[in-house]
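Written out below as C-alpha cells is the structure these notes cover.
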Amino acid sequence: MHAVRQPAVAGAFYPQQGAVLAQDIRTFLAGVPADADTPAATPKAIIVPHAGYIYSGSTAALAYAQLAAVRHSIRRVVLLGPAHRVALRGLALPGDDFLATPLGEIEVDQAAVTQLAKLPQVVVSRSVHAQEHSLEVQLPFLQTVLNDFKLVPLVVGDASPAEVAEVLELLWGGPETLLVISSDLSHFLPYRTARQVDRQTAQAILDLRGPVSHHQACGGTPINGLLLAARQHGLQPHLLGMCNSGDTAGDKDRVVGYAAVAFIQEPSHAH
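Per this note's numbering: the sequence shown ends with 292, consecutive numbering throughout.
Written out as C-alpha cells, the structure reads:
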C-alpha cells in the first residue's frame with residue numbers, strides 16, 4: 022500500500038476540478054509573450070511564486086514556459102518551499118510515496134530520499150507537509166510542462182544557507198535534474214513601497230547577493246541556499262518578470278510581491 026499526500030489547497034489556491042485546472046494552466050502558459058526577453062538556454066533552477074493562481078499564476082508561467090524544450094529530458098525535480106504552517110528545524114521530506122493533485126499523482130524519488138537520509142538537517146514529517154501550500158501549488162504546473170519525472174519535495178524551515186546548499190549539492194545531478202524554489206516576495210506593504218522593496222530584492226538575487234531576509238521573501242531561506250549553490254556552479258540568474266497582487270487580482274493597499282527567475286548554466290562553466 023503506498024502512502025499518498027492528498028492535496029490540501031485544491032479548490033482554494035487553484036481549481037479542484039482537473040479539467041478546469043488543466044485549462045487554467047494552459048491559459049497561463051499561452052499568455053507568456055512569445056517575444057519575451059528570455060535566456061537562450063534552459064534553466065537549471067527557477068524561482069517561482071506560490072500564491073493563489075489568480076494572483077501569481079501568470080508570473081509562475083513565465084518560468085515554467087522556459088521548460089518546453091526540456092520536457093522530455095528532466096527526470097527529477099527538487100522542489101523547495103518555505104514552511105508556513107508548522108515550525109521546523111531544517112528541511113522536511115513528507116514520508117509519502119506519491120503527492121497527488123487533481124491532475125494525478127507524482128512519484129517521490131526514493132533514491133534521492135535515501136541519499137538525503139545521511140544529512141542531519143533533513144527530517145521526515147507528514148505534519149509539516151499536510152497543509153503546506155508552498156510546494157503543492159507548483160505541482161500542477163510541473164505536471165503540465167514536464168513529461169515523466171520524480172519529485173524530491175522539501176519544506177524548508179529554520180536552516181542556514183549552507184545547510185540548504187548542501188542538499189542542493191547532493192542532488193545537483195546533470196541536465197536531468199531541475200531545481201525549483203517556491204517563494205513570494207514582500208508581504209502586505211502598500212503598492213508603491215512593495216514595488217521598491219521587491220526591485221531591491223530582485224536585484225540582490227540577480228547579483229547572487231544574499232542573504233535575502235524573510236521580510237523580503239517568505240522563501241528567503243531556500244533562496245539563500247540556491248544563491249550559494251549558484252555562485253559555486255556558475256549559474257547566471259535572469260529575471261523573467263515581476264508584479265504584485267495589486268497588479269493582478271488584489272487591492273493596492275496591502276500587496277504581496279511575485280517574481281519569476283531562471284538560473285542558467287553559463288557556457289564557461291558547462292564542463
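For every residue, glycine included, the Cβ atom is placed at its ideal position computed from N, Cα and C.
Report task. Let me know the beta strand (DSSP E) ranges lying completely inside the stretch 95-122, each 3 residues or longer, listed in chain order. Result -> 97-103, 112-114, 119-122
Query raised in the report: Can you tell which of 192, 105, 210 has its C-alpha closest to the C-alpha of residue 139?
Result: 192
Query raised in the report: Excluding five sequence neighbours on each side, which residues of the same chain lie with their C-beta closer than 7 Å to the C-beta of residue 144?
Result: 111, 113
Query raised in the report: So residue 198 is in the beta strand (DSSP E); what residue range does that whole segment cover?
Result: 198-203
Requested in this report: Could you name the residues of the same chain whose beta carbon sits closer than 7 Å to that of residue 42, not counting the 5 residues immediately before and after it, in chain order?
Outcome: 35, 36, 123, 124, 161
**Report entry** Length of the line joining the Cα atoms of residue 24 and residue 129
**Finding:** 10 Å
Query raised in the report: Taking the beta strand (DSSP E) that residue 262 falls in, what are its first and last residues?
Result: 256-265
Query - Assigned secondary structure, residue 284 (DSSP; H/G/I helix, E/B strand, else coil) - result: strand
Requested in this report: Would you list the one or two residues that DSSP bridges to residue 174?
Outcome: 100
Report task. Give me the Cα-Cα distance between residue 205 and residue 155, rounded to the nearest whole angstrom. Result -> 9 Å
Report task. Please go through the same chain and pick out, in chain order, the residues whose beta-carbon is closer than 7 Å to the beta-carbon of residue 59, but skip the five residues on each side of it. Result -> 87, 261
Query raised in the report: Quick one: what's got a C-beta closer than 6 Å to residue 27's C-beta in the same chain, skipping five residues either side?
Result: 121
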